[in-house]
Amino acid sequence: MSLLEQLTADMKTAMKAKDKETLSVVRMVKASLSNEQIKLGHDLTADDEIAVLSREMKQRVEEKTAYEEADRGDLAVEIQKQMDVLKRYLPEQLSADEVTEIVKATIAEVGASSKADLGKVMGALMPKVKGKADGKLVSQTVQSLLN
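Residue numbers (my numbering): 1050 to 1196.
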């Protein structure tokens, strides 16, 4: 089942259950995917879909952080609910230990030895973890291991 088919089925289920939160998130994701498809001018690949979902999740994380810093816990809770719905459609995220192992293997693969090789490592690494790990976590792990 493609992501759009799954979203349509989940949207129907949410409508029947009168689950407004899930329904609004599913509609938002479908709209984002449609906009991306129009922008690219072709059907979306699985990687394109994951990129859109990752972008939506990143926006929610940033919103939640901003609300928490502004001491608006009520809004942060709403954003967390949206994030929980989005997580259903994203691939399972790698743990910090798994990310560290992949980073170590990639550093050895490209022969990196200092921070000057950061770009080389990140270029080889990101396709391996795209959509499966937070870019910030990956970057921090690479920097700590290159020190």
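From the three backbone atoms N, C-alpha and C, an ideal C-beta is built for every residue, glycine too. Note that the structure is a prediction, hence the values are computed from the model and not measured.
Inside the segment 1112-1179, DSSP marks whole alpha helix (DSSP H) runs of 4 or more residues at positions 1122-1136, 1145-1159 and 1167-1178, from first to last along the chain. The C-beta of Val1126 has fewer than 16 other C-beta atoms within 10 Å across all chains shown, which makes the residue exposed. A distance below 7 Å between beta-carbons, with the five flanking residues on each side excluded, links Glu1085 to the following residues of its chain, in chain order: Leu1093, Asp1097 and Val1101. Nearest Cα to Leu1167 within the set Lys1088, Met1175 and Leu1195: Leu1195.
At a Cβ-Cβ threshold of 9 Å, Thr1149 and Val1170 do not count as neighbours. Here Ile1087 is exposed, its C-beta having fewer than 16 other C-beta atoms within 10 Å. In this structure, the straight-line span from the alpha carbon of Pro1140 to that of Ser1103 is close to 10 Å. Its chain contains Tyr1116 as the residues whose beta carbon lies nearer than 7 Å to that of Leu1124, once the 5 sequence neighbours on both sides are disregarded; these appear in chain order.
Annotation: the continuous alpha helix (DSSP H) that includes Leu1052 extends over Leu1052 to Ala1066. Here Ala1165 is exposed. Its C-beta has fewer than 16 other C-beta atoms within 10 Å.
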